[in-house]
Amino acid sequence: MTVTVTRRAEEVRAPRRAAAPGGRRRRRLAFVATHAIAIAVALMFLAPLVFVALTALMTDEQALTSELWPDDWNWGNFAEVFAKSDMLRWTLNTFLYAGLGTLFTVVSSVPVAYALARFRFRGRRAAFLLVITMMMLPPQVIAVPVYVLWARFDLTGGLWPLILPMLLGDAFSIFLLRQFLITIPREYTEAARVDGCSDLTTLLRVILPMARPGIAAVALFQFFYCWNDYYGPLLYAQTNEHSWTLSLGLATFKAFHSVQWNLTMAATLLVTAPVIIVFFLAQRVFIEGVTLTGVKG
Amino acid sequence: MASHVRAAPPRWRRGEGLRALLWLSPWLTGFTIFFAYPLASTVYFSFHRYDLFTLEFVGLDNYRYLFDDERVWLSARNTLWLVVFMVPAQVVFALALAQLVTRLKAGVGLFRTIFYLPSLVPLVAGTVAFVFLMNPATGPWNQLLALFGVTGPDWFGDPAWAKPSLTLLAMWGVGNLMVIFLAALLDVPRHLYEAAALDGAGPWRQFRSVTLPMISPVLMFSAITGVIYALQYFTQAMIASRVASGATDSAGTSFLPGYPDGALLTLPQHLFQTGFRDWSMGYASVLALMLFATSMVFTLILLRQFRRAEELT
């Protein structure tokens with residue numbers, strides 16, 4: 001299996017119709033047609049976000065009508081979300097979960113991926129296939145005994161049952177890192193070994209600097225995973241409102257503010273915004289990381 | 001690595017297996033505590049009645065109940081619907097989008113970003129947004145349809161339309177898949193298209209005879225993972241039911257997943273409800289094993305794909 005990395009936008013322009021006999025007119029027609037379709041689809045993709053934003057700025061009365069454009073721009077709605085709910089606490093909890101979770105995952109998954117990518121030992125392939133199996137199996141399969149385990153330690157009702165296991169590696173992150181590490185030419189690590197570096201120094205001095213984009217992608221994915229996670233917090237933290245994350249809070253937001261679609265939409269935007277901002281700051285890392293998850297024959 | 005001399009491995013290759021074990025140990029511990037043990041434990045619980053406090057052996061009763069539990073079959077039918085309609089819709093749509101992007105000459109980066117963006121929207125946020133947008137009374141979606149003279153249904157409130165509504169949501173968030181397909185399409189050697197064009201193949205023929213065979217491993221991979229994710233389908237359905245029905249599920253009020261009329265019930269939700277709301281953990285373990293068996297079938301197919309892909313390189 002090899003890893004493909006998305007090419008930059010300039011290379012995307014693949015002029016397929018080099019030998020088309022129709023000439024310039026036809027090519028211009030094709031140009032207009034494809035771009036018109038692209039613009040239409042792009043508008044459809046953006047429309048939901050635009051309507052959510054417009055509703056978030058309406059008064060609660062107007063949000064209940066069928067009007068699409070806000071009469072007044074109620075920017076205060078965002079402040080009201082914080083005033084009327086525990087949004088601030090949910091945000092802090094989410095940062096705790098996502099921050100620690102990401103840190104733990106990266107620290108624990110890099111060594112494992114290193115071993116899978118660079119060491120030759122019996123059962124290496126079996127170990128890798130096991131990682132993929134763990135990655136694919138639904139989390140609900142093992143939910144009952146794991147819940148019982150955490151209940152025995154009296155840790156249910158909080159986020160620790162979600163954070164602590166990340167100290168022991170995360171299958172998806174291991175998989176992704178391994179895919180990235182096998183693209184690093186063996187010559188580099190073997191040269192280091194011949195020079196007398198230990199496994200640890202090879203990892204720290206040779207692998208880590210070269211694997212920075214892969215690690216960045218894994219960290220981002222894990223952060224987003226935790227940020228978005230609903231099932232985990234629902235299972236462990238639903239009963240304790242002090243531990244609610246943004247996803248739990250948002251899921252019940254509408255129920256507590258039932259006639260205030262404007263506030264619900266404002267909260268929705270607030271939960272979404274950080275993710276979008278991070279994406280624009282680290283777009284390249286992201287797209288390359290997504291591509292890593294695909295297999296190429 | 002043919003460069004090594006078999007007879008005398010370098011000094012640093014010695015004891016490699018043991019050293020690998022050391023590096024793998026965090027994950028091996030995790031595997032034992034959070035995978036092997038719970039799996040065995042689930043089998044054990046499945047023969048018991050268990051509510052976190054009392055454990056009572058009941059033999060095969062939990063398994064027998066499976067056949068009387070209508071909600072199991074309801075969720076199986078719903079999942080089948082997702083596999084048959086939602087997964088193909090996603091794959092085909094993502095491929096079409098990726099194709100579209102490769103044909104663009106201006107604004108490629110912009111369009112790619114716009115198509116990718118919705119897949120970043122947190123699942124809960126995206127689902128809450130769609131329930132609002134497709135709300136028949138106040139949402140803009142049906143009003144846009146009305147402009148074209150179409151009377152929109154009560155999307156998330158109508159058992160017949162709830163799953164199609166979620167399919168639209170899934171298609172909106174198809175960006176990840178599109179990026180993967182885009183990379184695969186760009187990896188198809190250009191000269192193959194040129195050769196096909198010289199042979200007089202039109203765009204459709206080129207797509208069928210060059211593009212599809214070349215990207216089929218990626219397509220296969222996406223389809224299988226799509227099915228596995230469909231088996232785990234939880235968050236979107238749960239949130240849609242919850243928001244559309246207005247249930248709170250806070251102070252002990254009962255919220256039964258699946259609204260409207262069980263149309264959005266999936267096995268993971270039924271398992272969650274059974275195990276962690278009704279605290280019938282023994283029976284929930286049976287459901288978990290069912291989920292395990294079905295996802296394992298597709299995981300094995302996926303592993304075979306992987307092995308085949310590795311052999312090719």
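For the protein sequence lines, the chains are X and E, in the order given.
Residue numbering for the first sequence follows UniProt numbering, starting at 1 and increasing by one per position.
Residue numbering for the second sequence follows UniProt numbering, starting at 1 and increasing by one per position.
Yeah, the Cβ is synthetic: ideal placement off N, Cα and C, and Gly gets one too.
Given the structure is predicted, the values throughout are model-derived calculations rather than measurements.
Looking at C-beta atoms only, is the number of pairs between the stretch 260–272 of chain X and the stretch 186–193 of chain X that lie closer than 8 angstroms three or more?
Output reads no: the stretch 186–193 of chain X does not touch the stretch 260–272 of chain X.
Beta-carbon separation of A113(X) and L181(X) under 8 angstroms?
The residue labelled residue 113(X) in the question sits at position 113 within the first sequence. The residue labelled residue 181(X) in the question sits at position 181 within the first sequence. For A113(X) and L181(X), yes; Cβs fall inside 8 angstroms.
Rounded to whole angstroms, what's the CA-CA distance from Q222(X) to T91(X)? Just pull it up for me.
Position 222 of the first sequence holds residue 222(X). Position 91 of the first sequence holds residue 91(X). Cα-Cα distance, rounded: 17 angstroms.
Judging by CA-CA distance, which residue of F45(X), L292(X), I37(X) and A36(X) is the nearest neighbour of L168(E)?
Against the second sequence, residue 168(E) aligns to sequence position 168. It is F45(X).
If contact is defined by three or more beta carbon pairs under 8 angstroms, each pair taking one atom from either stretch, is the stretch 190–206 of chain E in contact with the stretch 199–212 of chain X?
They do not touch, by the three-pair rule.
Tell whether a beta-carbon distance below 8 angstroms holds between N93(X) and L263(X).
Counting from one through the first sequence, the residue named residue 93(X) turns up at place 93. Counting from one through the first sequence, the residue named residue 263(X) turns up at place 263. It is not a contact, given that the beta carbons lie outside the stated cut-off.
Relative to the C-alpha of L287(E), which residue among L267(E), F276(E), G262(E) and W279(E) is closest?
Along the second sequence, read from residue 1 onward, the residue named residue 287(E) stands at position 287. The residue with the shortest Cα to Cα distance from L287(E) is L267(E).
Given a limit of 8 angstroms on CB to CB distance, which residues of the stretch 37–48 of chain E reach chain X?
Answer set for the stretch 37–48 of chain E: Y37, P38, L39, S41, T42 and F45.
Give the interface partners of E16(E) over in chain X, defined as CB-CB distance under 7 angstroms, in chain order.
Against the second sequence, residue 16(E) aligns to sequence position 16. The contacting residues are F119, R120 and F121.
Using beta carbons (cut-off 8 angstroms, strictly below), is P268(E) in contact with chain X?
Mapped onto the second sequence, residue 268(E) falls at position 268. Judged by the 8 angstroms Cβ criterion, P268(E) is in contact with chain X.
Are the beta-carbon atoms of G169(X) and W23(E) separated by less than 8 angstroms?
Here residue 169(X) is taken as the residue at index 169 of the first sequence, counted from 1. Here residue 23(E) is taken as the residue at index 23 of the second sequence, counted from 1. Going by C-beta atoms, G169(X) is not nearer than 8 angstroms to W23(E).
Quick one: Cα of T102(X) to Cα of S209(E), how far?
Translated into positions along the first sequence, residue 102(X) becomes position 102. Translated into positions along the second sequence, residue 209(E) becomes position 209. Between T102(X) and S209(E), the C-alpha separation is close to 44 angstroms.
Taking the alpha carbon of V124(E) as the reference point, which residue from F298(E), R307(E) and M238(E) has its own alpha carbon closest?
In the second sequence, counting from the first residue as 1, residue 124(E) sits at position 124. Out of F298(E), R307(E) and M238(E), M238(E) has the C-alpha closest to the C-alpha of V124(E).
Less than 8 angstroms between C-beta atoms, sequence neighbours within five positions excluded: which residues of the same chain meet that for F256(X)?
Looking up residue 256(X) in the first sequence gives position 256. Only S85 meet the Cβ criterion.
For W73(X), collect the residues of the same chain with a Cβ closer than 8 angstroms to its Cβ; drop the 5 residues on either side in sequence, then sort them by chain order.
Numbered from its first residue, the first sequence carries residue 73(X) at position 73. L57, listed in sequence order.
Please classify F277(X): is it buried, with 16 or more other beta-carbons within 10 angstroms of its beta-carbon, or exposed?
Taking the first residue of the first sequence as 1, we reach residue 277(X) at position 277. Looking at the sequence shown, residue 277(X) is not Phe but Ile. By the neighbour-count rule (16 or more Cβ atoms within 10 Å), I277(X) is not buried but exposed.
Within the 8 angstroms Cβ cut-off, does G169(X) reach chain E?
Along the first sequence, one-based indexing puts residue 169(X) at 169. Yes, contact with chain E.
Count the other CB atoms within 10 Å of the CB of V84(E); is the residue buried (16 or more) or exposed (fewer)?
Residue mapping note: residue 84(E) aligns to position 84 of the second sequence, counting from 1. Classification for V84(E): exposed.
Could you give the C-beta distance for W155(E) and S165(E), rounded to a whole number, given that I count them as a contact under 8 angstroms?
To locate residue 155(E), count along the second sequence from 1; it is residue 155. To locate residue 165(E), count along the second sequence from 1; it is residue 165. Between S165(E) and W155(E) the Cβ distance is about 4 angstroms, and since that is below 8 angstroms, they are a contact.
Got a sec: is the Cβ-Cβ distance from Q273(E) to anything in chain X below 8 angstroms?
Mapped onto the second sequence, residue 273(E) falls at position 273. Not an interface residue.
One question on the structure: do L182(E) and T102(E) come within less than 8 angstroms of each other, judged by their Cβ atoms?
Position 182 of the second sequence holds residue 182(E). Position 102 of the second sequence holds residue 102(E). A contact, by the Cβ cut-off of 8 angstroms.
I need the boundaries of the beta strand (DSSP E) containing Y50(E), first residue and last residue.
Translated into positions along the second sequence, residue 50(E) becomes position 50. Segment H48 to Y50, the beta strand (DSSP E) holding Y50(E).
On the DSSP bridge assignment, give the partners of L55(E) in chain order.
Position 55 of the second sequence, counting from 1, holds the residue named residue 55(E). Per DSSP, Y50(E).
Against chain E, with Cβ distances strictly below 8 angstroms, would Y188(X) count as a contact?
Stepping through the first sequence from its first residue, residue 188(X) is reached at position 188. Taking Cβ atoms only, chain E never reaches closer than 8 angstroms to Y188(X), which makes this a no.
Shorter than 8 angstroms from the beta carbon of P136(E) to some beta carbon of chain X?
One-based indexing of the second sequence puts residue 136(E) at position 136. False, the Cβ-Cβ gap to chain X never drops below 8 angstroms.
Quick one: measure Cβ to Cβ for T42(E) and V144(X), integer angstroms, because I've assumed they're closer than 8 angstroms.
Numbered from 1 along the second sequence, position 42 holds the residue referred to as residue 42(E). Numbered from 1 along the first sequence, position 144 holds the residue referred to as residue 144(X). Right, their Cβ atoms sit about 6 angstroms apart.
Ignoring anything shorter than 4 residues, give me the alpha helix (DSSP H) runs that lie fully in the stretch 87–162 of chain X, in order along the chain.
Listed in chain order, the complete alpha helix (DSSP H) runs (minimum 4 residues) inside the stretch 87–162 of chain X are 87–118, 124–136 and 143–152.
For G126(E), report the span of its alpha helix (DSSP H) as first-last.
Residue numbering aside, residue 126(E) sits at position 126 when the second sequence is read from its first letter. Run containing G126(E): L123 to L133, per the alpha helix (DSSP H) assignment.
By the 10 Å Cβ neighbour count, where 16 or more other Cβ atoms means buried, how is N295(E) classified, buried or exposed?
Taking the first residue of the second sequence as position 1, residue 295(E) is located at position 295. For the record, residue 295(E) in the displayed sequence is Ser; it is not Asn. Buried, by the Cβ-count rule.
Please list, in chain order, the residues of the stretch 162–181 of chain E that have any C-beta partner in chain X closer than 7 angstroms.
Answer in chain order: W172, N176, V179 and I180.
At the 8 angstroms Cβ level, is W279(E) part of the contact set with chain X, yes or no?
Counting from 1 along the second sequence, the entry for residue 279(E) is found at position 279. Taking Cβ atoms only, chain X never reaches closer than 8 angstroms to W279(E), which makes this a no.
For the alpha helix (DSSP H) that contains T167(E), what are its first and last residues?
As a position in the second sequence, residue 167(E) is number 167, starting the count at 1. Counting along the chain, the alpha helix (DSSP H) containing T167(E) begins and ends at A162 to W172.
Who are the neighbours of W23(E) on chain X, taking C-beta pairs under 8 angstroms?
By 1-based counting over the second sequence, the position of residue 23(E) is 23. By Cβ distance, chain X contributes P111, V112, Y114, A115, F119 and D199.
Determine whether the Cβ of V297(E) lies closer than 8 angstroms to any Cβ atom of chain X.
The residue given as residue 297(E) occupies position 297 in the second sequence. By this cut-off, V297(E) is not an interface position.
For my contact list, H242(X) and A106(E) are in at a C-beta cut-off of 8 angstroms; report their separation, rounded to the angstrom.
For the purposes of this step, residue 242(X) is taken as the residue at position 242 of the first sequence. For the purposes of this step, residue 106(E) is taken as the residue at position 106 of the second sequence. So it is not a contact: roughly 52 angstroms between Cβ atoms.
CB-CB under 7 angstroms to F57(E), same chain, minus the five flanking residues each way: which ones, in chain order?
For the purposes of this step, residue 57(E) is identified with residue 57 of the second sequence, where counting begins at 1. The answer, listed in chain order, is F47 and H48.
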